[in-house]
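Numbering-wise, my numbering comes out as the position in the sequence shown, counting from 1, plus 17.
Idealized CB from N, CA, C, for every residue including glycine.
What follows is a single structure, written as structure tokens, with notes after it.
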Amino acid sequence: MGRLILGIEKPDIGTVTWNGQNVLDRKVRAGSISAVFQDYTSSINPFFTVEEAIREPLRGTDVQDVDALIDLLLTQVGLNASYRKMYPHELSGGQAQRVCIARALSTFPKCIVLDEAISSLDVSIQVQILELLKQLKSIYDMSYVFITHDIQAAAYLCDRVIIFKDGQVEEIVTVDQLKEVETPYARTLLRSLITI
18 MGRLILGIEK PDIGTVTWNG QNVLDRKVRA GSISAVFQDY TSSINPFFTV
68 EEAIREPLRG TDVQDVDALI DLLLTQVGLN ASYRKMYPHE LSGGQAQRVC
118 IARALSTFPK CIVLDEAISS LDVSIQVQIL ELLKQLKSIY DMSYVFITHD
168 IQAAAYLCDR VIIFKDGQVE EIVTVDQLKE VETPYARTLL RSLITI
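Encoded structure:
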């Protein structure tokens with residue numbers, strides 16, 4: 018799903034649109050949709066400093082004071098300005114994922130696709146990143162498409178949950194309705210985590 022929203026893959030049938038326009042057109046996505054992926058180690062160019070990684074999506078934009086924006090974004094994700102000149106191999110997993118989040122925020126998108134963005138982190142770091150994402154969501158008034166196998170994390174961060182089975186939508190519910198899922202598959206899936 019994330020790859021379709023990001024225009025990385027074409028749908029077999031139909032189209033994926035953003036504000037009524039096909040997301041396969043890069044101009045439609047540019048600045049509006051960003052992504053944070055599971056593998057933070059390959060998400061940042063190993064030859065880029067943190068500063069260069071955050072600056073990269075800003076090429077061709079009209080952002081005036083990029084240096085001030087980088088400092089602001091680093092602060093907002095819990096890193097100080099001393100990280101600007103560091104390289105990915107000098108960062109912990111949590112720090113690298115925070116850099117990826119700062120980079121995703123740099124264009125002030127209305128939507129960020131979080132594709133298993135916390136699953137490869139230690140549990141204590143997952144909690145910190147979830148809290149950070151929740152704060153940033155309200156600061157920037159944006160939406161997340163949070164792709165995860167962790168229903169508890171989805172319930173914490175999201176307003177609605179879409180449950181897929183074999184690539185098809187099985188059920189869509191608000192987080193408040195998770196205990197009231199209707200399909201047998203959704204009930205079975207959630208039974209181990211939520212008392213239905």
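- If only uninterrupted alpha helix (DSSP H) runs of at least 4 residues are considered, those enclosed by the segment 33 to 59 are 43 to 46.
- A straight-line Cα-Cα distance of about 42 Å links N97 and E188.
- In the structure shown, E26 falls within a coil segment according to DSSP collapsed to helix, strand and coil.
- A distance of 8 Å or more separates the beta carbons of T124 and G19.
- Contact fails between the segment 146 to 161 and the segment 189 to 196, because fewer than three Cβ pairs, one in each stretch, are under 8 Å apart.
- Considered as a whole, the segment 116 to 176 harbours 140 to 157, 168 to 174 as its complete alpha helix (DSSP H) runs of no fewer than 4 residues, in chain order.
- R120 and I71 do touch by the CB rule: their CB atoms are close to 5 Å apart, below 8 Å.
- Ranking G24, G95, A85 by CA distance to the CA of Q152 puts G95 first.
- A residue is called buried once 16 or more other Cβ atoms fall within 10 Å of its Cβ, and P126 is buried on that count.
- The C-alpha of R46 is placed about 13 Å away from the C-alpha of T78.
- Residue pairing by DSSP places V178 opposite V190 in a beta bridge.
- Looking only at Q194, D183, L149, the smallest Cα-Cα distance to I168 is reached by Q194.
- Between the alpha carbons of Y100 and F64 lies a distance of about 15 Å.
- Contact between Q55 and D132 holds: their C-beta atoms lie close to 6 Å from each other, under 8 Å.
- Checking the DSSP bridge columns, you'll see Q114 has no partner listed.
- A Cβ-Cβ separation of about 6 Å places I180 in contact with L206 under the 8 Å criterion.
- Separation of the CB atoms of I50 and C128 is rounded to 5 Å, and the pair is thereby assigned contact status at 8 Å.
- In the structure shown, the three-state DSSP call for Q185 is strand.
- Of the other Cβ atoms in all chains shown, fewer than 16 fall within 10 Å of the Cβ of E197; this residue is therefore exposed.
- One Cα belongs to L89, the other to E148, and the distance between them is close to 18 Å.
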